[in-house]
Amino acid sequence: MEACDLSLSDLSSLGFSRPQTAKQQLGDPGLDFPLAQIQIFSHCADPDAALVSLLNFSAQNPGPWQAIKTKTEELAAFLRLLGASEALGQMIQSDPSLLAHLAVPNLHQVHPPTAQVEEPAANPIELPETEVQDPGYRQIFIDFFSANRGSDPDTFRRCYYALLIEIATLDLNSPDPRAYLPTVCRQVSALADAALEMAMEQTRTQVELPEGLELAIIALGKCGAQELNYLSDVDVMFVVDWDREKTVENEALAAASNWVSAISTLIAGPGKLRPLWPLDLGLRPEGANGALVRTLDSYRSYYLRWAQSWEFQALLKARPAAGNPRLGQGFMELTQELVWTASARADFVDNARAMRQRVEANLRFDERDRHLKLGPGGLRDVEFSVQLLQLVHGRVDQKVRVPATLSALSALSAQGYIGRQAAQTMDQAYRELRLVEHRLQLHKLKRSHVLPKDAKSWRRLARACQVEGAEESSFEQHIAKLRSEVRACHQSLFYRPLLGNLAGLDDGALALSPEAATDWLAALGYRDPAGAQRQIAALTRGVTRRANIQRQILPVMLGWLANGPNPDQGLLRLRVLAEEVGSTGWFVRSLRDSPYTAKRLSQVLSSSEYATTAMINAPILVEQLDNDQALQITNWPKLESEVRSLVERQEDHAQGVARLRAWRARELGRAALADICLGMDCARSGQEISAANDATLRVTLDLARENIPRGFEVPIEIITMGRLGGQECGYASDADIILLHEDAGLPAEEAAQIAQQVAVELRNLLQADPSRLMVDYDLRPEGKQGPLSPSLKGVREYYHKWASTWERQALLRARPLNPDSQLAQDFLAAVDPIRYGSDFGPKELREVRLLKARMERERLPRSVPPHRHVKLGPGGLSDIEWTVQLLQLQNAHALSELRTTSTLGALKAARNTGLVSTEQARDLELAWRFASAVRAGNTLATGRINGQALDQLPKDAATERSVARILGYAAGQEHQLEEDYLRSARHARQIYEEIFVGGGH
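Note that this note's numbering has the sequence shown beginning at 204, numbered continuously upward.
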């Protein structure tokens, strides 16, 4: 393949913005680029810049170029580096021996940890950060420095940049740079540690030091937390000690200061190679006016007498980085106790907030919204929020005492101080923003924090972050959205009035004064702060252990309740629930000890009357909030066996069936909690509700037969129909069934009488309050005019002679509860030729269409605008299900894949067999799920299980807020629910008209 064979469109698809120029450059005979590897450019941040740099390199270094171009992996790494870092590319061009580090010979000694994107950990980190952060990087780097040491700064710096090239190579070739980000930060921090250690060793002989003088370097800020950027200031302080019998203090301090100056000169002074990074001593006591070095006693005196609040916040990330270990450990022992008691200082929280505001106010106006580090929604918003929460809660909770931001965020979430969603939002945003910061700095190895203005720079930045395709052009908007989310989280966390109150209280005391609580509750969004105060007083009254735990957890829960759609109602429901079950020890322990239960309970209480009632009736559901698996049942046969045993242990059938109905209500409550807490999924909850209904029917049928004389002499099978047959039940669904029987040698009239009695008994047992399940026999042959329990013989005769088209359609969802029974098999053999018959022609098609039109005309309530009715309105459930069923009636005789009772299953089969396009199937499924979710949301929000309102978009704002939040809409976006549904329904209606109305046989 020659360069002339490359089309301009090919080059454009690889990412070249100037394809004509690139084509000419690739044809340069001096370059002789291996065009078989041309795809490598598609992975470059800036293919044009990478190609220009490659041309320059090959011209100046033909030998090294000939060597590397035959090594596919090194060539790919080289091009990625050239496309992402102009500065490192120039270094390699000046010193081709650095090419060897593209194979990362040093870092391959330690297998890089496989970073994975994870939600905040359920359990905080147990080990000190320094014990888990460095799997050997520091020693590897020190060994490399030692093996390549020299007396001049440039040899020292070459070692540093050689290792930095290895770090950047692994980073740029990572399949998931966001997940890999903490590893990069640890590696760069370990490299800084090694540089400091070797700088101390190399300069020790350059200054005159008294015998016995030792120095320790304490890293702070990002270096201390082992989360350095490619080019950060390295914040440090120096601790000195010496033999006081041999050297007086002034001489020792002067010598140590000279040593510090020599270290700083080696790292950041003049030289042929660029300095490594500024060595920043601004965080030391007294700042620029303070001594360069201090003894431990001097640090102790300063911090006990003069230090300001912000200085303790800086010490939160302190860590011995180099030098004498004894001095480093002594510094940590001195300062850590002071750090974690600092929040008790007067006005600590207010001072922390004021400092953040000053930092933001000092930004240039034209850079304020583009400053990635200090601007609104930037990195500092995350870091200051996390640090303030750590310093306040870390007084009594050692598990949040971790220096790294992401680890601290995880720990705070795990302990309940930050909500899970907020923590996840901030975690993902922080990774993304730090990645952008890394790519900005890597480009020219400059301390840049200002986002670009021009499209070209944004394109390079997006590609450097491995964002390509359609998302590449919207990367700027994506970052703006992330910053908006970070800002919202920051405002919610950093400015919580609760933090100031907690900081000023004795350890363990969480009660707020009435005045403060009123203002705080109003700020959180409670509409009736005085009423909320009364609920709080009732929940925390008394001196019992339970009351004490509730006082500890309530401030957090108040915030979580406020994140829901109706915090006032949620708080009232919390009180009711606590009064019902709160006297049991497990309830308050679960709220206190679980990072999920309290938050999820708050979410449920603030949004769902249905789920709250379920928890009051079955308190065990509260415990299951802590466990995702407990909210999703997978072993239904085992559960049915357990409930059957429970029923059999009751003294009489009335008690047994009451327990059975309560069990079913509990399982529906479990499904409700899963929909609210794990995300609304009507397909999942529909299967779970249907499974609970199936088990209830099976067990109740046995009880009903026991209550009827000779009830077991007649074989009986329940044929589920409608939504139950399709295993798509909602929370308010009835049980549509046919109770089929067989004579089994008995006279037909006698068998029918027994089956009739069983049918009546079954309905009576299940429809008793509370927790009733309505049984509907109306879909049986001949409908209300036929026997409650038709015989198999009667079913055969009826369907073969008299079945109308709508009955054939209804049979599409017929599903025996016990499909392996002989009666079930005989039933299926009788009805399959009817529902899947090949005789569905134009006449039947016309009947189906007429019936659908009649249903829309007669059953749609006149008082409801059609487009708001999610069942019968245009694009609603009826349109989708009838469209799918029409495809089944027309094609199931030839396509066995369509022979399923499930709407979504049949839709998938229709897509796989080409009856509908992928786009049509997608839009119909989305619309079906959306409409089903609205119906479920209406029941969950209001607690109602009947009434026309359940099939409509919510009318009032309060219900709309609750339904929208249950469906996953963020606060402030609830109004989007109606618009999104109507859009989805329009798409579904269009497909309905194409297939159902306009399609032929």
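Don't be surprised by glycine CBs; every beta carbon is placed ideally from N, CA and C.
The beta strand (DSSP E) enclosing R522, as first and last residue numbers: R522 to G526
Please determine if the segment 1067 to 1081 and the segment 1181 to 1194 are in contact, where contact requires at least 3 C-beta pairs separated by less than 8 Å. Using a C-beta cut-off of 8 Å, the segment 1067 to 1081 makes contact with the segment 1181 to 1194, since at least three inter-stretch Cβ pairs fall below that distance.
Output the boundary residues of the alpha helix (DSSP H) element that contains H1190. Q1179 to Y1195
Going by other Cβ atoms of all chains shown within 10 Å of its Cβ, with 16 needed for buried, is R744 buried or exposed? exposed
Which of helix, strand or coil DSSP assigns to D937: coil
Counting along the chain, where does the beta strand (DSSP E) carrying V161 start and finish? Given that the chain is displayed from residue 204 to residue 1204, the structure contains no residue 161 and the question cannot be resolved.
Which same chain residues end up closer than 7 Å to E1128 when comparing Cβ atoms and leaving out the 5 residues on each side of it in sequence? Once the five neighbours on either side are set aside, the close Cβ partners of E1128 are L1107 and L1110.
Taking Cβ positions, are T1162 and A1144 nearer each other than 7 Å? In this structure, the beta-carbon distance from T1162 to A1144 falls below 7 Å.
Pick out whichever of V542, A614 and Q694 has its Cα sitting closest to the Cα of L727. Q694
Which whole-angstrom value describes the C-beta separation of V585 and Y620, a residue pair presumed to lie in contact below a C-beta threshold of 8 Å? Wrong, their Cβ atoms sit about 14 Å apart, outside the cutoff.
Separation of K649 from P579, as counted between CA atoms: 22 Å
For A821 and G773, believed in contact at Cβ under 8 Å, the rounded distance: About 19 Å separates the two Cβ atoms, so there is no contact after all.
Can you confirm whether the segment 1025 to 1033 touches the segment 1090 to 1097 when touching is taken to mean that 3 or more C-beta pairs between the two stretches lie within less than 8 Å? no
DSSP three-state call for L943: helix, strand or coil? Looking at L943 - three-state DSSP - the assignment turns out to be strand.
With three or more C-beta pairs closer than 8 Å as the rule, is the segment 885 to 903 touching the segment 964 to 979? The segment 964 to 979 is in contact with the segment 885 to 903.
Would you mind stating whether E400 and I345 have Cβ atoms separated by less than 7 Å? yes
DSSP bridge partner residues for P1019 (one or two, in chain order): I922
Figure out for me which residue from H1178, A1173, L1048 and L254 has the closest Cα to the Cα of A225. The option with the nearest alpha carbon to A225 is L254.
Would I823 be called buried (16 or more neighbouring beta carbons within 10 Å of its own) or exposed? exposed
Alpha carbon to alpha carbon, how far is H652 from P250? 23 Å
Nearest to S613 (by Cα), restricted to the options L636, S588 and K425: S588
Sequence ranges, alpha helix (DSSP H) only - wholly within the segment 590 to 633, length at least 4: 608 to 617
Report the partner residues of D979 according to the DSSP bridge assignment. D939
Over what stretch of residues does the alpha helix (DSSP H) that includes L804 continue unbroken? Element bounds for L804: T800 to S810.
Below 8 Å on the Cβ atoms is my contact criterion, and I expect A955 with P918 to pass it. Report the Cβ-Cβ distance as a whole number of Å. The pair is not a contact, with the Cβ atoms about 13 Å apart (cut-off 8 Å).
What is the DSSP secondary structure of L476, counted as helix, strand or coil? It is coil, neither helix nor strand.
Kindly confirm or deny that the segment 412 to 432 and the segment 512 to 530 touch, where touching means at least three C-beta pairs closer than 8 Å. yes
Check the DSSP bridge columns for D483 and list the partner residues they point to. D438
Spatial neighbours of G415 within its chain, please: CB distance less than 6 Å, with the 5 preceding and 5 following residues excluded, ordered by chain position. W445 and D446
To the nearest angstrom, how far is the alpha carbon of V443 from that of I241? 56 Å
Which of the three DSSP states is assigned to S546 in this structure? In this structure, S546 counts as helix in the three-state DSSP scheme.
Should F568 be labelled buried (16 or more other beta-carbon atoms within 10 Å of its own) or exposed? Exposed, by the Cβ-count rule.
With C-beta atoms as the reference, is R623 less than 7 Å away from S546? no
L418: first and last residue of the uninterrupted beta strand (DSSP E) it sits in: E417 to A422
Measure from the alpha carbon of S605 to the alpha carbon of each residue in G882, H646, W543 and A683, then state which is nearest. It is Val, not Ser, that sits at residue 605 in the sequence shown. Of the candidates G882, H646, W543 and A683, the one whose C-alpha sits nearest the C-alpha of V605 is W543.
With DSSP run on the structure shown, which of helix, strand or coil describes V850? helix
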